[in-house]
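Asks: One structure, pasted below without further comment.
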Ligand SMILES: [Zn+2]
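Residue numbers (the working numbering): 157 to 252.
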């Protein structure tokens with residue numbers, strides 16, 4: 157029986173993060189939102205992928221899915237890299 161990618165990767169899933177003006181945000185594709193990575197007691201900010209700030213932030217990034225493990229990978233559109241490494245399984249994905 158063919159296994160799905162989710163079954164092949166048994167480790168914990170990690171959300172990708174992006175740095176924006178010195179603040180770090182989780183990129184949660186399932187919930188379609190950015191979420192600040194802030195230590196307590198600072199409050200967590202939720203920014204939906206909707207017209208406005210969330211859309212403007214989203215337009216700066218390419219959101220890819222690793223073809224080996226399914227990990228979400230977020231790359232800045234300003235990046236000049238030719239490829240990107242999956243932070244979960246280490247596979248290299250071409251951006252060209
Ligand atoms: Zn991967």
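Idealized CB from N, CA, C, for every residue including glycine.
What number of angstroms, rounded off, separates the C-alpha of residue 241 from the C-alpha of residue 170?
Replies: Counting from 1 along the chain shown, the entry for residue 241 is found at position 85. Counting from 1 along the chain shown, the entry for residue 170 is found at position 14. Each residue's alpha carbon lies about 14 angstroms from the other.
Asks: Helix, strand or coil: which one does DSSP assign to residue 214?
Replies: Indexing the chain shown from 1 puts residue 214 at position 58. Three-state result, residue 214: helix.
Asks: For a test of the three-state rule: what should DSSP assign to residue 191, helix, strand or coil?
Replies: On the chain shown, residue 191 is found 35 positions in, with the first residue counted as 1. Strand, per DSSP.
Asks: What are the start and end residues of the beta strand (DSSP E) that includes residue 176?
Replies: Here residue 176 refers to the residue found at position 20 when the chain shown is read from its first residue. Run containing residue 176: 173-176, per the beta strand (DSSP E) assignment.
Asks: Using a Cβ-Cβ cutoff of less than 7 angstroms, which residues in the same chain neighbour residue 204 once the five nearest sequence positions on both sides are dropped?
Replies: For the purposes of this step, residue 204 is taken as residue 48 along the chain shown, with counting starting at 1. The answer, listed in chain order, is 188, 189, 210.
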